[in-house]
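Novice:
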Amino acid sequence: MNKKRANFTGTIGFVMAAAGSAVGLGNIWRFPYLAAKDHGGVFILCYLILAVTFGFTLLTTEIAIGRKTGRSPLTAYAAIQPKWKGLGVLACLVPIIILPYYCVIGGWVVKYFATFVTGAGSAAAGDDYFVGFIQGQYQPIIWMFIFFLMTAFVVFNGVNKGIEKYSKILMPILLLLIIGIGLYSLTIKHTDASGVTRTGLQGLKVYLIPNFKGMTGKEFFVILMDAMGQLFFSISVAMGIMVAYGSYVKKDVNLMKSINQIEIFDTLVAMLAGLMIVPAVFVFMGTEGMSAGPGLMFDSLPKVFQAMGKAGTVVGVLFFLMVIFAAVTSSVSVMEAIVSSLMDAFHWTRHKSTSVVATYGVIGGVVVCLGYNKLYFELPLPNGSTGQILDILDYISNYCFMPTVALLTCILIGWVVKPKTVIDEVTVNGERFGRKYLYIAMIKGIAPILLFALLLQSLGLIQL
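For our numbering, add 4 to where a residue sits in the sequence shown, where the first one is 1.
#1: Let me know if Tyr380 comes out buried or exposed under the rule of 16 or more other beta-carbons within 10 Å of its beta-carbon.
#2: Taking the CB atoms as reference points, tell me whether Lys72 and Ala82 lie closer together than 7 Å.
#3: In angstroms, rounded to a whole number, what distance separates the CA positions of Glu429 and Gly125?
#4: What does the alpha-carbon distance come out to for the pair Met5 and Ala349?
#5: How many angstroms separate the CA atom of Gly14 from the CA atom of Val287?
#6: Can you tell me the Cα-Cα spacing of Val253 and Ile150, whole angstroms?
#7: How is Leu411 classed by DSSP in three states: helix, strand or coil?
#8: Check each candidate in Ile213, Tyr403 and Val338 and name the one with the smallest Cα separation from Val159.
#9: How should His351 be labelled, buried or exposed, when 16 other C-beta atoms within 10 angstroms of its C-beta is the threshold for buried?
#10: At a cut-off of 6 Å, would you count Thr220 as near the ligand HEM, judging by its Cβ distance to the nearest heavy atom?
#11: Helix, strand or coil, according to DSSP, for Lys255 in the structure here?
#12: In its own chain, which residues sit with a C-beta less than 7 Å from the C-beta of Pro386, not counting the 5 before and 5 after it?
#13: Since Ile4 contacts Met246 with CB under 8 Å, what's their CB separation in whole angstroms?
#14: Report all residues from its chain with a CB closer than 7 Å to the CB of Asn377; omit the five preceding and five following residues, and keep chain order.
#15: When you compare the segment 445-455 with the segment 416-430, are there three or more beta-carbon pairs, one atom per stretch, that lie closer than 8 Å?
#16: Cutting at 7 Å between CB atoms, please list the residues of its own chain near Met280, excluding the five before and the five after it.
#17: To which residues of the same chain is Gly233 closer than 7 Å at the C-beta, ignoring the five residues directly before and after it?
#18: What's the C-alpha gap between Thr203 and Trp147?
#19: Which residues mark the beginning and the end of the alpha helix (DSSP H) in which Arg354 is found?
#20: Does DSSP put Lys217 in a helix, a strand or coil?
#21: Please classify Ala315 as buried or exposed, where buried requires at least 16 neighbouring CB atoms within 10 angstroms.
#22: By a C-beta neighbour count over all protein chains shown, 10 Å radius and 16 as the cutoff for buried, is His43 buried or exposed?
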């Protein structure tokens with residue numbers, strides 16, 4: 005079966021697809037918030053250091069496992085070590101849990117894009133607009149279905165004519181949009197009701213300049229954990245995605261070079277997202293206007309766009325178009341991880357596998373949408389928050405399963421089959437493994453310790 009496996013046509017297609025997976029909603033709605041909250045440049049400095057050490061290790065491991073085995077996440081781990089088949093099952097469960105609720109959020113983004121395109125952006129800035137929308141019985145389902153159609157269309161068309169083709173188109177456009185909006189954010193200024201004038205360049209200082217004043221050791225540890233958590237969720241590891249994409253990479257592709265490019269692209273977009281959002285929110289709402297998650301994207305930013313006047317409508321359209329591109333390339337990778345697993349496990353065709361996954365995803369998405377009205381309930385979570393269906397699924401996948409998958413992967417490669425398994429795959433054509441000794445130290449010791457700490461924090465066993 006592996007002989008017939010589809011492949012990316014070359015390095016660019018693979019890098020754009022993998023970067024498209026890594027660049028998602030987390031880069032846009034969580035990275036800027038954390039940077040503003042965690043002493044500006046202190047968070048960014050921690051993030052950059054972790055990106056070239058911790059992130060590099062996890063990304064290299066999963067992509068190498070995928071290419072070495074030529075299999076989907078469901079079966080790749082068993083091919084490495086038969087006794088570790090369960091890790092493949094666990095890795096495959098993550099995208100199965102994520103897909104329905106991610107497409108629901110994607111539907112929200114499409115709805116807001118349509119709202120700004122039709123000139124109704126001022127309505128979206130209303131205090132109750134977002135809550136009123138997600139609590140509706142039919143609209144969230146309709147918009148979720150539209151977003152799901154976009155995702156399924158790309159996956160249905162396969163690796164070359166679907167994932168690679170559209171990643172090559174969408175990712176460069178996304179980068180141009182985010183740069184354009186970011187530069188515009190630096191030019192704006194606003195005087196509030198109390199007579200205080202704030203500028204985009206002042207917001208840039210809040211974002212980039214490290215502020216060590218009054219920082220305690222505990223605060224620094226919190227920032228370090230925030231940076232690690234953000235990076236971990238940003239690079240699409242522990243979801244089976246990079247294993248699946250790695251399995252489509254040809255043997256003559258230089259993995260080290262490709263992984264470096266993926267890291268750079270993902271980090272660049274995260275940094276530019278902060279450049280785009282932090283100054284704009286600071287100008288119109290001050291530092292207290294920054295929030296994380298849906299509150300930032302669907303509440304704070306529409307208010308910022310409204311405050312910009314006529315230009316805000318254009319910026320709002322371009323912003324939500326950019327977010328659609330980021331969300332689609334990520335949801336495609338989540339769906340592909342499941343589809344490739346079904347194709348390997350049951351020898352189904354791509355079209356059949358995609359149809360089955362799409363049916364499941366839509367049904368699951370409807371349940372998530374109903375979680376805000378007919379199926380609404382609240383459940384206390386171990387990390388101290390309270391959630392309904394979407395939050396619970398997010399908590400199980402992101403905060404329980406993903407750290408566990410990554411931790412077990414480190415143990416498998418670091419101690420069971422040894423790092424040489426990955427190193428040999430990376431250097432199969434005689435390429436140089438530039439950070440080999442760093443990789444060995446990370447996979448055997450440092451990364452498992454960091455992941456264990458992250459898991460304990462996620463489970464509420466460490467209170468920060």
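Note that CB positions come from ideal geometry on N, CA and C, so glycine has one too.
Specialist: If we stick to the structure as given:
#1: Exposed, since its Cβ has fewer than 16 Cβ neighbours within 10 Å.
#2: Result no, Cβ atoms of Lys72 and Ala82 do not sit closer than 7 Å.
#3: Answer to the nearest angstrom: the Cα atoms are 51 Å apart.
#4: Low confidence applies to Met5: its pLDDT is 40, below 50, so where it sits in the model is not reliable, and the reading given next is rough at best. Distance between the alpha carbons of Met5 and Ala349 is about 11 Å.
#5: Distance between the alpha carbons of Gly14 and Val287: 43 Å.
#6: C-alpha separation (whole angstroms): 30 Å.
#7: Helix, per DSSP.
#8: Closest option to Val159, Cα to Cα, is Val338.
#9: His351 is exposed by the Cβ-count criterion.
#10: This structure simply doesn't include the ligand HEM, nor any ligand for that matter.
#11: Lys255: coil per DSSP, three-state reduction.
#12: Short of 7 Å from the beta carbon of Pro386, and not among the five residues preceding or following it, lie these beta carbons of its own chain, in chain order: Leu463 and Gly464.
#13: Absent from the structure is residue 4, since the part of the chain shown begins at 5 and ends at 468.
#14: Counting only Cβ-Cβ distances below 7 Å, and skipping sequence neighbours, we find Gln139 and Gln141.
#15: Contact between the segment 445-455 and the segment 416-430 is present, because at least three Cβ pairs lie under 8 Å.
#16: For Met280, where only same-chain residues beyond five positions count, the Cβ hits under 7 Å are Ile182, Ile185, Gly186 and Ser189.
#17: Counting only residues of its own chain and dropping the five nearest sequence neighbours on each side, Gly233 has a CB closer than 7 Å to the CB of Leu458.
#18: Roughly 36 Å separates the two Cα atoms.
#19: Counting along the chain, the alpha helix (DSSP H) containing Arg354 begins and ends at Arg354 to Leu374.
#20: If DSSP states are grouped into helix, strand and coil, Lys217 belongs with coil.
#21: Around the C-beta of Ala315, fewer than 16 other C-beta atoms lie within 10 Å, and the residue is accordingly described as exposed.
#22: Sixteen is the threshold: when 16 or more other Cβ atoms of the shown chains lie within 10 Å of the Cβ of His43, as they do, the residue is buried.
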